[in-house]
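Right, one structure below, let's go through it.
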Amino acid sequence: MHTERNHDRYFSSELLNWYDVNKRDLPWRRSRDPYHIWVSEIMLQQTRVDTVIPYFHRFIERFPTIEALADAPEDDVLKCWEGLGYYSRARNLQSAARQITEQYGGVMPSGKEEVAGLKGVGPYTAGAIRSIAFNIPAAAVDGNVMRVLSRYFLIEDDIMKIKTRTRMEELVLTLVPEGRASDFTQALMELGALICTPKSPKCLVCPVMEHCAGRLEGKEESLPVKTKAKPPRPEHRLAAIVEGTGVHEGKILIRKRPAAGLLAGMWELPHIEVPSSLSAVSTKGVTEPPDASTVSTKRSAAASDTASVHSGAVVVPPERAAAAAVIGLTDGLLAEGIPARPIGHYMDAEHTFSHIQWKMSVYRCVWQEEPESLSGLQAAEIAAAYEAGETNDYRWIDAGDMERYAFPNVFIRILTSYFSKRDAAGSR
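The opening position of the sequence shown corresponds to residue 1 in UniProt numbering, with each subsequent residue numbered one higher.
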């Protein structure tokens, strides 16, 4: 590891000189307000700067203080966050705002233990808040910083290992010039974002290229060393656009997700998880699902196929998979108390989380006045519970109502497509 003291001083001084001239004008850099810096750092996790800027402006306008965020309804916070993804960040942000309001009178603390004790604040975010907002020498080591340090100091240890991160945190603290912790932390991040990029680093314009050990060894492209993460696990789902009738004519049904877990508290289209073999072929070339008479003749075969797929024994023929998918979606909805029948495949959609990839087939469905379970499953709740349209977990909405509810990105895409096409068809 290359850490001669004179090169350390060179690194810090040249980096700061470069930052003073080249730093971007970002909204959260226009003050040292700890609240602004905290919100920006949470938003920037897993998200590009250009994407974050308009969200940051809207969020601060809607929740101008920590107390305002703490007092807001969670649904308002999620709606303001809609589209940024990783929604647990928003919920944790509000939980931490309530901590600060209750424990610190609405003022962001600066102590190491106090900041680290806030909900959703890990070692990196704690270091960023303390160094940027309070100018305290504290290590904020994220992916950009680890890449810069790995290359400049020729650190060939796996950056996914805790001991490597710990070494880098210790190294950063030796590099911080007195009185410039805030600028130094941001300069490190800026260099990684603009110059020392993951691919094709711009070494010729790098302010610290002269003593970069990785470049001198010809290893700038191969560093940092990083264990590849496991690919997300695919999950196949059937989703329903349930079109209302009667008093709900022109509206569709949405439901609220549970208060805990993935996408907690968000709104979505009703959907069910299905065996991958069924989903993979159910929509290929299928524009209309089988009608009731066709389904009745295929019920036994489809049920048998479903059982076989669960055991991994067979590959289901496409025509039977289509019938089984329709049966599965119909019964899945009915088990929730939603008496709806698929009338046609609408679209396919995908959404990737850090550990799961949803592969979703979306069907248009109509409300059934006299619902029938196609495979004999019994509904868990009666349909009448949903006819009022304002139950705890379900709502009937039209396009204008989308502003009232926070949806994950995949359902925003589906709903926007559906309402746009329906409006266009209605105007002809």
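Backbone N, C-alpha and C define an ideal beta-carbon position, used for all residues, glycine too.
- CB-CB under 8 Å to residue 297, same chain, minus the five flanking residues each way: which ones, in chain order? Looking up residue 297 in the sequence shown gives position 297. Its pLDDT being 39, under 50, residue 297 is placed unreliably in this model, and the coordinates cannot settle the point.
- Query: Does the distance from the CB of residue 51 to the CB of residue 70 come in under 8 Å?
  - Reply: Here residue 51 refers to the residue found at position 51 of the sequence shown. Here residue 70 refers to the residue found at position 70 of the sequence shown. In this structure, residue 70 does not lie closer than 8 Å to residue 51 by Cβ.
- Item | Identity of the residues DSSP links to residue 360 by a beta bridge | Walking along the sequence shown from the start, residue 360 turns up at place 360. Paired residues: 237, 349.
- By DSSP, does residue 342 sit in helix, in strand, or in coil? Reading the sequence shown from its first residue, position 342 is the one you call residue 342. Reduced to three states, the DSSP call for residue 342 is strand.
- DSSP-derived helix/strand/coil call for residue 30: Position 30 of the sequence shown, counting from 1, holds the residue named residue 30. In this structure, residue 30 counts as coil in the three-state DSSP scheme.
- Pick out whichever of 394, 415, 410 has its Cα sitting closest to the Cα of residue 402. Here residue 402 is taken as the residue at index 402 of the sequence shown, counted from 1. Closest by alpha carbon: 415.
- Query: Is the region 187 to 194 in contact with the region 162 to 170, if contact means three or more CB pairs nearer than 8 Å?
  - Reply: At 8 Å Cβ cutoff, the stretches do not touch.
- Query: By how many angstroms is the C-alpha of residue 365 removed from the C-alpha of residue 404?
  - Reply: In the sequence shown, counting from the first residue as 1, residue 404 sits at position 404. In the sequence shown, counting from the first residue as 1, residue 365 sits at position 365. Taking the straight line joining both Cα atoms gives about 23 Å.
- Message: For residue 238 and residue 396, I'd like the C-alpha separation in whole angstroms.
- Response: The residue labelled residue 238 in the question sits at position 238 within the sequence shown. The residue labelled residue 396 in the question sits at position 396 within the sequence shown. Here the alpha carbon of residue 238 sits roughly 19 Å from the alpha carbon of residue 396.
- Task: Sort out for me which residues DSSP pairs residue 256 with in a bridge.
- Result: For the purposes of this step, residue 256 is taken as the residue at position 256 of the sequence shown. According to DSSP, residue 256 shares a beta bridge with 267.
- Message: Give me the residue from 158, 174, 197, 97 with the minimum Cα distance to residue 228.
- Response: Reading the sequence shown from its first residue, position 228 is the one you call residue 228. Of the listed residues, the one whose Cα sits closest to residue 228 is 158.
- Determine the extent of the alpha helix (DSSP H) in which residue 100 is found, giving its start and end residues. Along the sequence shown, one-based indexing puts residue 100 at 100. First-last of the alpha helix (DSSP H) with residue 100: 88 to 104.
- Query: When the Cα of residue 261 is compared with those of 28, 120, 87, 12, which residue comes out closest?
  - Reply: Within the sequence shown, the letter at position 261 stands for residue 261. Selection 28, 120, 87, 12 evaluated against residue 261 yields 87 as nearest (Cα-Cα).
- Following the continuous alpha helix (DSSP H) through residue 162, name the residue where it begins and the one where it ends. Locating residue 162 in the sequence shown gives position 162, counting from the first residue. That run of the alpha helix (DSSP H) goes 162 to 175.
- Check: residue 366 C-beta below 7 Å from any heavy atom of the ligand PLP: Only the bare structure without any ligand can be found here, which leaves the ligand PLP out of the picture.
- Indicate whether the contact test is met: 3 or more Cβ pairs, each with one atom in the region 11 to 25 and one in the region 74 to 81, closer than 8 Å. By the Cβ criterion, the region 11 to 25 is not in contact with the region 74 to 81, since fewer than three pairs of Cβ atoms, one from each stretch, lie closer than 8 Å.
- Could you say which of 359, 272, 351 lies nearest to residue 329 if we only look at CA atoms? For the purposes of this step, residue 329 is taken as residue 329 along the sequence shown, with counting starting at 1. The shortest Cα separation from residue 329 among 359, 272, 351 belongs to 272.
- Task: Grab me the residues of residue 39's own chain with a C-beta within less than 8 Å of its C-beta, minus the 5 sequence neighbours each way, in chain order.
- Result: Locating residue 39 in the sequence shown gives position 39, counting from the first residue. Within the same chain, 28, 56, 59, 60, 93 come within 8 Å of residue 39 by CB-CB distance, once the 5 residues on both sides are set aside.
- Query: Where residue 105 and residue 145 are concerned, what is the direct C-alpha to C-alpha distance, given to the nearest angstrom?
  - Reply: The residue you call residue 105 lines up with position 105 of the sequence shown. The residue you call residue 145 lines up with position 145 of the sequence shown. Residue 105 and residue 145 have their C-alpha atoms spaced approximately 33 Å apart.
- Message: Quick check: the Cα distance between residue 67 and residue 95, rounded to an integer number of angstroms?
- Response: For the purposes of this step, residue 67 is taken as the residue at position 67 of the sequence shown. For the purposes of this step, residue 95 is taken as the residue at position 95 of the sequence shown. About 11 Å.
- What first and last residue would you give for the alpha helix (DSSP H) that runs through residue 395? For the purposes of this step, residue 395 is identified with residue 395 of the sequence shown, where counting begins at 1. It is not in any alpha helix (DSSP H) - residue 395 instead sits in the beta strand (DSSP E) that spans 394 to 397.
- What residue from 207, 224, 203 has the CA that sits closest to residue 215's CA? Start at 1 with the first residue of the sequence shown, and residue 215 comes out as number 215. Across the set 207, 224, 203, the C-alpha of 203 shows the shortest separation from the C-alpha of residue 215.
- Query: Which whole-angstrom value describes the C-beta separation of residue 223 and residue 11, a residue pair presumed to lie in contact below a C-beta threshold of 8 Å?
  - Reply: Looking up residue 223 in the sequence shown gives position 223. Looking up residue 11 in the sequence shown gives position 11. Not confirmed; about 16 Å, so no contact.
- Which full runs of the alpha helix (DSSP H) of 4+ residues lie inside the region 204 to 232, going along the chain? Secondary structure remark: continuous alpha helix (DSSP H) runs of at least 4 residues inside the region 204 to 232, in chain order: 213 to 216.
- Does the separation of the CB atoms of residue 398 and residue 250 fall below 8 Å? As a position in the sequence shown, residue 398 is number 398, starting the count at 1. As a position in the sequence shown, residue 250 is number 250, starting the count at 1. Yes; because the gap between Cβ atoms is below 8 Å, this pair is in contact.
- Of the residues 211, 418, 187, 225, which one's Cα is nearest the Cα of residue 160? Counted from its first residue, the sequence shown places residue 160 at position 160. Checked all of 211, 418, 187, 225; the closest Cα to residue 160 is 225.
- According to DSSP, residues forming a beta bridge with residue 80: Start at 1 with the first residue of the sequence shown, and residue 80 comes out as number 80. Answer by DSSP bridge pairing: none, since residue 80 is not bridged.
- Query: With 16 other CB atoms within 10 Å as the buried threshold, where does residue 103 fall?
  - Reply: Here residue 103 refers to the residue found at position 103 when the sequence shown is read from its first residue. So residue 103 counts as exposed.
- Item | For residue 107, the nearest candidate out of 36, 360, 327 (CA to CA) | Working through the sequence shown from its first residue, we reach residue 107 at position 107. Nearest C-alpha to residue 107 among 36, 360, 327: 36.
- Leaving out five residues before and five after residue 46 in sequence, what residues of the same chain have Cβ atoms less than 6 Å from its Cβ? The residue you call residue 46 lines up with position 46 of the sequence shown. Hits under 6 Å: 86.
- Item | Alpha carbon of residue 128 to alpha carbon of residue 117, nearest angstrom | By 1-based counting over the sequence shown, the position of residue 128 is 128. By 1-based counting over the sequence shown, the position of residue 117 is 117. Whole-angstrom Cα-Cα distance: 14 Å.
- Message: Please confirm whether residue 181 has its beta-carbon closer than 8 Å to some beta-carbon of chain C.
- Response: The chain labelled as chain C is not found in the depicted structure, where only one protein chain is given.
- Item | Through-space distance from residue 122 to residue 187, alpha-carbon basis | For this step, residue 187 is matched to residue 187 along the sequence shown. For this step, residue 122 is matched to residue 122 along the sequence shown. Between the C-alpha atoms of residue 187 and residue 122 there is a straight-line separation of about 21 Å.
- Message: Given this structure, state the Cα-to-Cα distance separating residue 359 from residue 212, to the nearest angstrom.
- Response: Within the sequence shown, the letter at position 359 stands for residue 359. Within the sequence shown, the letter at position 212 stands for residue 212. Between the C-alpha atoms of residue 359 and residue 212 there is a straight-line separation of about 44 Å.
- Where do the ends of the alpha helix (DSSP H) carrying residue 185 lie? Residue numbering aside, residue 185 sits at position 185 when the sequence shown is read from its first letter. Judged by DSSP secondary structure, residue 185 falls within the alpha helix (DSSP H) whose first and last residues are 181 to 194.
- Could you tell me the distance, in whole angstroms, from the CA atom of residue 91 to the CA atom of residue 114? For the purposes of this step, residue 91 is taken as the residue at position 91 of the sequence shown. For the purposes of this step, residue 114 is taken as the residue at position 114 of the sequence shown. In this structure, the straight-line span from the alpha carbon of residue 91 to that of residue 114 is close to 19 Å.
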